[in-house]
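Enquirer:
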Amino acid sequence: NAGVTQTPKFRVLKTGQSMTLLCAQDMNHEYMYWYRQDPGMGLRLIHYSVGEGTTAKGEVPDGYNVSRLKKQNFLLGLESAAPSQTSVYFCASSTVIAGGKTQYFGPGTRLLVL
Amino acid sequence: GDSVTQMEGPVTLSEEAFLTINCTYTATGYPSLFWYVQYPGEGLQLLLKATKADDKGSNKGFEATYRKETTSFHLEKGSVQVSDSAVYFCALRDTGNQFYFGTGTSLTVIP
């Protein structure tokens, strides 16, 4: 199993450009999450999904959109990138099996918006 | 709302020193508690977890006990190694399966 993978690993954008970050998991997990990590702020939840075809807003959803068309994939889109979106983005997934459900993280995508 | 507060770093220790990283939480209901570790350039990895009060999570010499009376989940290790240098995150999962992370504590262990 590859676990959670993210594409791309690194990207540079100009202000106003758009892009899509792809997260894929092969563990048949129901839940998937997108976080951003900024210095001194830990991880902040952007959007999450509790199943195929469903999405919900997290703590910092503005400027981002997501889609979960397939259970194994969770896409994060930036329609018009801003320098404030420079960050490291992490995807995670987890099961709904009861009892201390654990999140599994991808390796991250470093995004620089100029 | 639910939240996690952990001690700010950075923390610098000599090899074989004792480590404590404090973590306290605020939550309604009965959350599960986690410690994650992030090595440079990598994603977060689960280090240990505890799902109910008085549970002790342990892994790789690290331990943390779920203390409901003090709403704490402090991370400890008796003798740190250089390879333990990383950023450590305390986290909780609420009854709605949402995760809340602390801001992270950077640990550097020097030989």
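Protein chains in written order, with the numbering used here: chain A, 81 to 194; chain B, 9 to 119. Don't be surprised by glycine CBs; every beta carbon is placed ideally from N, CA and C. Quantities reported herein were computed from a predicted structural model and do not represent experimental measurements.
(1) Using the three-state DSSP reduction, which class does residue 165/A fall into: helix, strand or coil?
(2) So which of 98/A, 105/A, 112/A, 124/A has the shortest CA-CA distance to residue 168/A?
(3) Which residue from 116/B, 99/B, 9/B, 111/B puts its Cα closest to that of residue 74/B?
(4) Just by C-beta distance, which residues in the segment 54 to 86 of chain B are closer than 7 Å to chain A?
(5) What residues match up with residue 95/B in a beta bridge as DSSP calls it?
(6) Pairs of beta-carbons, one from the segment 10 to 22 of chain B and one from the segment 127 to 134 of chain A, closer than 8 Å: are there three or more?
(7) Just checking my contact of residue 187/A with residue 16/B at CB under 8 Å: how many whole Å lie between their CB atoms?
(8) The beta strand (DSSP E) with residue 56/B in it runs from where to where?
(9) Measure the alpha-carbon distance for residue 72/B versus residue 19/B and round it to whole angstroms.
(10) Are there three or more Cβ pairs, one per stretch, closer than 8 Å when the segment 93 to 109 of chain B is compared with the segment 18 to 37 of chain B?
(11) Let me know if residue 107/A comes out buried or exposed under the rule of 16 or more other beta-carbons within 10 Å of its beta-carbon.
(12) What are the boundary residues of the beta strand (DSSP E) that residue 135/A is part of?
Expert: Put simply:
(1) helix
(2) Nearest Cα to residue 168/A within the set 98/A, 105/A, 112/A, 124/A: 124/A.
(3) 99/B
(4) Hits within the stretch, in order: 54, 57, 59.
(5) 46/B, 114/B
(6) Between the segment 10 to 22 of chain B and the segment 127 to 134 of chain A there are fewer than three inter-stretch CB-CB distances shorter than 8 Å, so the stretches are not counted as touching.
(7) Not confirmed; about 26 Å, so no contact.
(8) 52 to 58
(9) Roughly 18 Å separates the two Cα atoms.
(10) yes
(11) exposed
(12) 134 to 137
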